[in-house]
Amino acid sequence: MPLPDAPISGDFAGVVDLFDAVVEQAGEVEAFVDGERRITFAEWGRAADGVATRLSSMGIEKGDIVGISLPSSIDYAIAYQAILRLGAITSGMNPRLGVAETTHILERSRPKLIITDADASLMGAVPLMTTSELAVAAQDPVFSDRPAVADTDPVAIVWTSGTTGKPKGAVFDHACLRAMAAAAGPLSKVGDRRLSPLPFAHIGYMTRVWDELMHVITTIVCPTPWTAAGALALIGNERVTVGQGVPAQWQMVLSHPDLDDTDVSSLRIVSTGAARVPPEMVDAMRDTFGCPVVVRYTSTEACVSTGTALDDPDDVICNTVGKPGAGVELELRADEGRGPVVATGEVGTVCLRSRALMRGYWQEPELTAASIDENGWLLTGDLGFLDERGDLHLAGRSTEMYIRGGYNVYPIEVENCIGLHPGVDRVAVLGAEAPVLGEIGVAFVVPADSSAPPSLESLRDWCNRTLATYKAPDALVIIDELPLTAMSKIDKRALAPAAAEAEKAWER
3 MPLPDAPISG DFAGVVDLFD AVVEQAGEVE AFVDGERRIT FAEWGRAADG VATRLSSMGI
63 EKGDIVGISL PSSIDYAIAY QAILRLGAIT SGMNPRLGVA ETTHILERSR PKLIITDADA
123 SLMGAVPLMT TSELAVAAQD PVFSDRPAVA DTDPVAIVWT SGTTGKPKGA VFDHACLRAM
183 AAAAGPLSKV GDRRLSPLPF AHIGYMTRVW DELMHVITTI VCPTPWTAAG ALALIGNERV
243 TVGQGVPAQW QMVLSHPDLD DTDVSSLRIV STGAARVPPE MVDAMRDTFG CPVVVRYTST
303 EACVSTGTAL DDPDDVICNT VGKPGAGVEL ELRADEGRGP VVATGEVGTV CLRSRALMRG
363 YWQEPELTAA SIDENGWLLT GDLGFLDERG DLHLAGRSTE MYIRGGYNVY PIEVENCIGL
423 HPGVDRVAVL GAEAPVLGEI GVAFVVPADS SAPPSLESLR DWCNRTLATY KAPDALVIID
483 ELPLTAMSKI DKRALAPAAA EAEKAWER
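So the sequence shown is numbered by the working numbering: it starts at 3 and just counts up by one.
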């Protein structure tokens with residue numbers, strides 16, 4: 003069965019109706035490659051129908067919450083589609099979350115069932131379905147009693163990573179997923195074979211289902227835990243066309259010895275985002291993979307926000323996160339997003355509005371009201387400014403900005419500068435309380451050569467060439483690796499105690 007000539011479109015009420023159209027037009031196309039397992043769209047749909055029948059017999063109905071706590075896998079995808087067929091709501095739970103985070107999610111969402119292979123004691127008294135039971139259920143009769151759905155019916159709860167507190171559940175409906183697909187931009191093309199490096203519980207999978215279905219995209223699942231060697235093997239062996247990863251993952255790929263022997267000629271585009279993107283890394287990616295690089299920016303709550311274009315000049319790709327996607331509005335505002343729009347070039351809070359936004363936080367109306375204003379604008383908490391072209395430059399989180407001697411310092415600007423130093427492999431900058439100045443900057447550096455790490459003086463001299471002197475770091479901590487969260491972002495909260503210790507040793 004050949005691929006369609008164009009994305010599959012129609013007046014679909016929800017994801018399942020779109021899925022039916024994909025099976026009819028491209029059912030024999032591979033939907034997933036997961037290690038030794040492969041599954042077509044038709045096989046995926048049939049398995050989901052069987053599991054839906056089993057879940058229905060267990061009492062799952064429209065509006066119920068069903069948790070999935072599994073690694074990225076075909077099993078996860080089957081479970082998600084089965085839950086959709088019942089009109090139920092999927093609560094994606096990253097298996098790497100800690101006990102306290104998992105407990106909080108269970109208490110907040112109160113799922114009627116959890117599909118998982120985790121220790122039952124971690125899931126409290128909630129009934130469980132294992133992947134072995136899922137495989138048997140996939141052979142059950144086809145589920146035929148589908149409920150009527152509206153595009154405003156919730157389909158997924160995506161939990162924030164919890165780096166600054168307890169996880170919050172962002173709720174998305176069918177219309178959110180459809181709007182996300184409209185803003186996908188150059189990352190989506192009919193017949194793509196897309197590398198999937200992040201947990202399926204992440205926003206990058208849970209809200210991309212409509213996009214992946216309408217473009218008949220084959221998802222190439224990275225093994226868990228993710229490794230650079232595993233990602234490179236998949237790119238070469240599975241003829242991946244869209245390479246995806248957060249900056250920390252691409253840095254590991256670029257430095258891996260297997261890269262030289264990997265055939266990357268199938269790649270038509272590579273993408274990164276979700277954390278600070280060092281400009282020097284963008285250059286290395288483009289040179290190494292021989293294809294365009296796009297930089298994307300969004301948040302769990304926003305679902306889709308901005309991105310660079312294929313024809314953007316080098317300075318835009320290396321230094322910005324581009325322009326809003328189709329259907330996305332962007333403003334930079336003062337006073338944490340509650341004030342007026344700031345002038346071009348001035349730093350403000352990134353505010354976004356689109357139909358792809360979350361509908362709110364699950365059962366947390368006060369938090370929702372604090373994040374989405376009365377006119378539907380999401381106040382992201384991220385800081386940035388717009389240049390004359392209308393491209394967005396990020397300046398970090400409002401909670402990361404520090405004030406040194408009365409001057410605002412945005413860590414991402416300092417990190418981008420230090421990252422270009424020849425003696426630096428990776429860097430993170432934090433503010434730490436200090437007498438007289440109020441706060442100082444502490445640079446955590448992974449050196450390019452561990453036997454000859456850069457000195458604080460050399461880094462300060464380097465920064466002073468292009469930045470205001472008050473932005474240069476005041477203290478330096480040399481480390482072997484930067485700590486990462488479960489989403490492979492730099493975990494600055496884990497660095498905070500060491501930043502405080504570095505302040506104590508700071509030479510005033």
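C-beta: ideal position from N, C-alpha, C; glycine also.
Item: Residues that DSSP places opposite residue 449 in a beta bridge; Value: 426
Item: Cα-Cα separation, residue 329 to residue 185; Value: 7 angstroms
Item: Exposure label - residue 355; buried when at least 16 CB within 10 Å; Value: buried
Item: Through-space distance from residue 244 to residue 7, alpha-carbon basis; Value: 19 angstroms
Item: 7 angstroms Cβ shell around residue 226 - same chain, five flanking residues per side excluded; Value: 73, 74
Item: Cβ neighbour criterion (16 or more within 10 Å) applied to residue 197; Value: buried
Item: Nearest-angstrom Cα separation, counted from residue 503 out to residue 178; Value: 45 angstroms
Item: Euclidean distance between Cα positions of residue 39 and residue 289; Value: 33 angstroms
Item: Per-residue DSSP class, three states only, for residue 161; Value: strand
Item: Under the three-state DSSP convention, the category residue 353 falls into; Value: strand
Item: C-beta atoms of residue 339 and residue 308 nearer than 9 angstroms; Value: no
Item: Limits of the alpha helix (DSSP H) - the one that residue 105 falls within; Value: 101-111
Item: Cβ shell of residue 48 (< 8 angstroms), same chain only, five flanking positions each side left out; Value: 140, 144
Item: For residue 42, three-class secondary structure by DSSP; Value: strand
Item: Presumed contact (8 angstroms Cβ cut-off) between residue 249 and residue 280, rounded CB distance; Value: 7 angstroms
Item: Segment contact flag, the segment 185-195 with the segment 73-87, C-beta cutoff 8 angstroms, min 3 pairs; Value: no
Item: Environment of residue 183 [buried if 16+ CB atoms lie within 10 Å]; Value: buried
Item: Simplified DSSP state of residue 134, which is helix, strand or coil; Value: helix
Item: Expected contact under 8 angstroms - CB spacing of residue 431 and residue 483 to nearest Å; Value: Not a contact, Cβ separation roughly 16 angstroms.
Item: At least 3 beta-carbon pairs within less than 8 angstroms: the segment 333-347 vs the segment 357-372; Value: no
Item: Buried or exposed (CB count within 10 angstroms, at least 16 for buried), residue 462; Value: buried
Item: Pick from 318, 403, 170 that is closest to residue 394, judged by C-alpha positions; Value: 318
Item: Candidates 391, 235, 62, of which the one nearest residue 36 by Cα; Value: 235
Item: Option nearest residue 414 by Cα separation, candidates 13, 229, 469, 106; Value: 469
Item: Those runs of the beta strand (DSSP E) which lie wholly inside the segment 358-435 and span at least 3 residues; Value: 380-388, 394-399, 404-406, 409-411
Item: Span separating the alpha-carbon of residue 300 from that of residue 174; Value: 15 angstroms
Item: Where the alpha helix (DSSP H) containing residue 253 begins and where it ends; Value: 249-256
Item: Residue range of the beta strand (DSSP E) that includes residue 32; Value: 32-36
Item: Sub-9 angstroms separation of residue 295 and residue 306 beta-carbons; Value: no
Item: Sequence ranges, beta strand (DSSP E) only - wholly within the segment 63-97, length at least 3; Value: 67-71, 91-94
Item: Strand pairing of residue 246, partner residues [DSSP]; Value: 273
Item: Residue 332 vs residue 353 beta-carbon contact at 9 angstroms; Value: yes
Item: Through-space distance from residue 148 to residue 120, alpha-carbon basis; Value: 30 angstroms
Item: Per DSSP, cross-strand counterpart(s) of residue 156; Value: 175
Item: Collapsed DSSP secondary structure at residue 326 in the structure displayed; Value: strand
Item: Below-9 angstroms beta-carbon distance, residue 117 vs any chain D residue; Value: Here chain D cannot be found, since the structure has a single protein chain.
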